[in-house]
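Participant: Got a structure for you, written out below as structure tokens; questions coming shortly.
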Amino acid sequence: MTILVTAASGALGQAIAEELRAHGARAVLGARDPAKLGDRFETRRVDYDDPSSLRDAFADVRTLLVISSNAPNEARLRQHAAAIDAAREAGVGRIVYTSFVGAQTPGDNPLLEVHHDAERRLRESGVPWVALRNGLYLDSLPALLGPFRETGVVAHPAGDAPASWITRRDIAAFTVDVLLDETTQNVALNLVTEEARSFSSAIDAVSQKTGVAIEYREPSDDEYRGMLRRAGFDEGTVAIFVQVCRAMREGALGVDESSFHARLGRPAESVDAFLDRVLAV
Ligand SMILES: NC(=O)c1ccc[n+]([C@@H]2O[C@H](COP(=O)([O-])OP(=O)(O)OC[C@H]3O[C@@H](n4cnc5c(N)ncnc54)[C@H](OP(=O)(O)O)[C@@H]3O)[C@@H](O)[C@H]2O)c1
């Protein structure tokens, strides 16, 4: 049973590799530059933009984990399609894809459309598939808060609708469980904490836990783009930040149901527990 993990050089890929190692599971890690992957696992070159690398890497794979790319949306649409096509042509037994909450109803948000399109391609591929609809990374929350202790301000146009979160560590635990269980197939699963929390309520919790009064400002999308550009972000990242905030504001990232507890027999780390852990440092 060969398991191959693509984009394994990224933060989620590394957390999954760690979890696979903890399970003593055999797996192959793939990346554009296999030198980034260390020597604990067999490695292969997997570049979504190079079809021959996909064909060669997927040849004997039974379960393929396609970790979504961090390229700009137009490129990601093409890259995920290429990975799914190559997996089908190579005779891969099952494709597991890291999707995103909100993929089901993308509206006209390009970020959600990327994952909606990949899920549609999976369903139409004829290959058994699993879509793991990951919540927002809780790990990203401290960076989103910025230097609030000095400024007393957090500014993102993220609104106050409930949003679903999860740590990469919990995603990795769940994902490896799915990778090792071939009976899980043809299903989309929500990988989120039990309780959805709006960005504004997370900021309130940070205020309470730290004793720092925080003003939550919501700039317009245009003002926000300007802020991000001045902070040095490239245009692809600026676009994704704006689309994430819009999806949060419009309530597209809040889901009521989580598959986590039923599968792993424990709850995912909550927003409050995460904040207690990271704010204590
Ligand atoms: N749920 C959330 O809140 C959230 C937040 C951010 C991102 N995401 C999505 O989740 C994915 C995984 O998260 P992460 O934290 O691991 O992101 P990350 O650390 O930015 O890693 C992204 C990975 O994509 C790889 N990649 C980019 N272009 C590629 C290509 N042409 N062919 C093969 N691999 C390519 C990168 O490879 P290199 O090492 O070669 O650059 C890297 O391994 C992201 O890529 C993004 O789609 C989700």
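Residue numbers for the sequence shown, in the numbering used here: 4 to 284. All residues carry an ideal CB built from backbone N, CA and C; glycine is no exception.
Go through the stretch 92-144 residue by residue and report every complete run of the beta strand (DSSP E) that reaches 3 residues or more, in order.
Facilitator: Those beta strand (DSSP E) runs which fall completely within the stretch 92-144 and span 3+ residues are 97-103, 132-137.
Participant: According to DSSP, what are the bridge partners of GLY155?
Facilitator: Paired residues: none, contrary to the question.
Participant: Go through its chain and collect everything with a Cβ distance to ARG29's Cβ below 6 Å, but skip five positions before and after it.
Facilitator: Same-chain partners within the cutoff: there are none.
Participant: For the alpha helix (DSSP H) that contains THR240, what are its first and last residues?
Facilitator: Looking at the DSSP string, the run of the alpha helix (DSSP H) that includes THR240 is 238-252.
Participant: In whole angstroms, what is the alpha-carbon distance linking ARG43 and TYR140?
Facilitator: Whole-angstrom Cα-Cα distance: 26 Å.
Participant: So is ARG97 buried or exposed if we call it buried at 16+ other beta carbons inside 10 Å?
Facilitator: Its Cβ being crowded by 16 or more others within 10 Å, ARG97 is buried.
Participant: What do you get for GLN211, buried or exposed, if any count of 16 or more other CB atoms within 10 angstroms of its CB means buried?
Facilitator: The residue in question, GLN211, is exposed, as its Cβ has fewer than 16 Cβ neighbours within 10 Å.
Participant: Which residues bound the beta strand (DSSP E) around ILE6?
Facilitator: 6-8 is the span of the beta strand (DSSP E), which, as asked, contains ILE6.
Participant: Considering only DSSP beta bridges, list what TYR219 is partnered with.
Facilitator: Answer by DSSP bridge pairing, in chain order: VAL157.
Participant: Where are the beta strand (DSSP E) runs, 3 residues long or more, that stay fully inside the stretch 175-212, in chain order?
Facilitator: 190-194, all fully within the stretch 175-212.
Participant: Less than 6 Å between the CB of LEU139 and some heavy atom of ligand 1, yes or no?
Facilitator: For ligand 1, at least one heavy atom lies less than 6 Å from the Cβ of LEU139.
Participant: Counting only the same chain and skipping the five closest in sequence on each side, list residues whose C-beta sits under 6 Å from that of ASP237.
Facilitator: Excluding positions up to five away in sequence, the list is empty.
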